[in-house]
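Convert by adding 427 to the 1-based position in the sequence shown; the result is the number in our numbering. Input: a single structure, listed below in structure tokens.
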Amino acid sequence: MQPALPAPLRYDDEDDSNPGRIPFRLVRMSETGPLDNLAAQVRRARDRFAPMIDPIGSIAARVIVDEFLAEHLDELRTTTASAAVPAPVSSDELTSHVFTYWGTPLRSAPPIVRTCVRQLRNVHPDAIVLDETSWQDHLELPGVVVDRLRDRPAHFSDLLRLSLLERYGGVWVDATAFVPQPLGPCLDPLLGGGLLYLRWSRTQISNWFIAARSRSLLIAVERAALETWWREHYELPDYFLFHRVFEGLLDLLPDAERAWAMVPRVSTVPSHFLQLEMFRSYEPARFAMLVEAAFVHKLSYKYDPADAVAGTIVDHLVSGRYPGAPESL
Numbered sequence: 428m429q430p431a432l433p434a435p436l437r438y439d440d441e442d443d444s445n446p447g448r449i450p451f452r453l454v455r456m457s458e459t460g461p462l463d464n465l466a467a468q469v470r471r472a473r474d475r476f477a478p479m480i481d482p483i484g485s486i487a488a489r490v491i492v493d494e495f496l497a498e499h500l501d502e503l504r505t506t507t508a509s510a511a512v513p514a515p516v517s518s519d520e521l522t523s524h525v526f527t528y529w530g531t532p533l534r535s536a537p538p539i540v541r542t543c544v545r546q547l548r549n550v551h552p553d554a555i556v557l558d559e560t561s562w563q564d565h566l567e568l569p570g571v572v573v574d575r576l577r578d579r580p581a582h583f584s585d586l587l588r589l590s591l592l593e594r595y596g597g598v599w600v601d602a603t604a605f606v607p608q609p610l611g612p613c614l615d616p617l618l619g620g621g622l623l624y625l626r627w628s629r630t631q632i633s634n635w636f637i638a639a640r641s642r643s644l645l646i647a648v649e650r651a652a653l654e655t656w657w658r659e660h661y662e663l664p665d666y667f668l669f670h671r672v673f674e675g676l677l678d679l680l681p682d683a684e685r686a687w688a689m690v691p692r693v694s695t696v697p698s699h700f701l702q703l704e705m706f707r708s709y710e711p712a713r714f715a716m717l718v719e720a721a722f723v724h725k726l727s728y729k730y731d732p733a734d735a736v737a738g739t740i741v742d743h744l745v746s747g748r749y750p751g752a753p754e755s756l
């Protein structure tokens, strides 16, 4: 007699009543079963990442960004008119261009970055790994914008990923994202709208992993908006400019909202479980459960090396002692 399957978990992200918090909730279908640990992880993810967004600051930033977008609405409508109509795309087409970026040479990158890039190349040998000079082999960006972003590497990377995906289509994976297996089979059922963002709620996205066909409407109009912002401004309304612009575009451009309605909802929360466990003892069964929770995992290099003691999950990751790790470091 086979054991009963665990009761399923349902993700409920419909509560958008407070734009300053992460309104993700886990709804238990049953209070028993081996997935109790994952329920606890969802609560930890919510508690860990929600305080990063200041409610008052985020609302103030949205006001500034919305005023900016309204001033440039005619230009942005022109961009949407020339973009590709939202349509399905195959994972084979997208995974032919898998991009990641780290500004400095990889040999000097933090250990977790080297691990993530090494693993990405393990599952996607043709992945395109860019740095502060090699990105110029693939596209041109306005000089004034590049100059203004020279001391803002995260925001330069935001514009870079959009520009690459608009031109070539493909998959963007941050250099701190761990990809345990080839992405194609996981992406295939999710590309009916030709675009995928992981998200915290209906409109609150993560931008560290993006899959998009070339000339995707939402990618193109976001790229145009960010490029225009940096042509005209030196300052940030808040750190999450990419996200504020995205939310504003959905509110102001009906074509953007219609395109977004075609994109399936895939929660970003399970992709943070592994990060939350990085400094716990490595246990093969638990590691497997964490890895299987998502097809891509957002990690962080911002930790004290003293915390990465022998036998922890992060120790196993950076030393290549995990299932499916590349044979050579």
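No residue lacks a Cβ here, since even glycine has one placed at the ideal position from N, Cα and C.
Secondary structure of GLY619 (DSSP, three-state): coil. Every unbroken stretch of the alpha helix (DSSP H) spanning 4 or more residues and falling wholly within the stretch 651-694 is given here in chain order: 668-679, 681-688. Spatial neighbours of GLY484 in its own chain (CB-CB distance under 6 Å, excluding positions within 5 residues in sequence) are listed in chain order as ASP665. Around the beta carbon of TYR661, a 10 Å sphere encloses fewer than 16 other beta carbons of the protein chains shown; the residue is thus reported as exposed.
One thing to note: VAL556 has its Cβ within 8 Å of the Cβ of VAL544.
PHE605 is a Cβ neighbour of GLN546, given a cutoff of 8 Å. For HIS743, the three-state secondary structure derived from DSSP is helix. Residues of the same chain with a CB within less than 8 Å of the CB of GLU649, apart from the 5 flanking positions on each side, are LEU589, PHE669, VAL672, PHE673, LEU676 in chain order. Inter-segment contact for the stretch 563-577 and the stretch 677-688 is absent: fewer than three beta-carbon pairs are separated by less than 8 Å. Secondary structure of LEU566 (DSSP, three-state): coil. In the DSSP assignment, no residue is bridged to GLY751.
In this structure the stretch 698-712 touches the stretch 734-745; the number of beta carbon pairs closer than 8 Å is three or more.
Nearest in C-alpha terms to ARG640, of all of LEU587, ARG594, MET689, is ARG594. When DSSP states are grouped into helix, strand and coil, TYR595 belongs to the helix group.
THR560 sits exposed, since fewer than 16 C-beta atoms from the chains shown fall within 10 Å of its C-beta.
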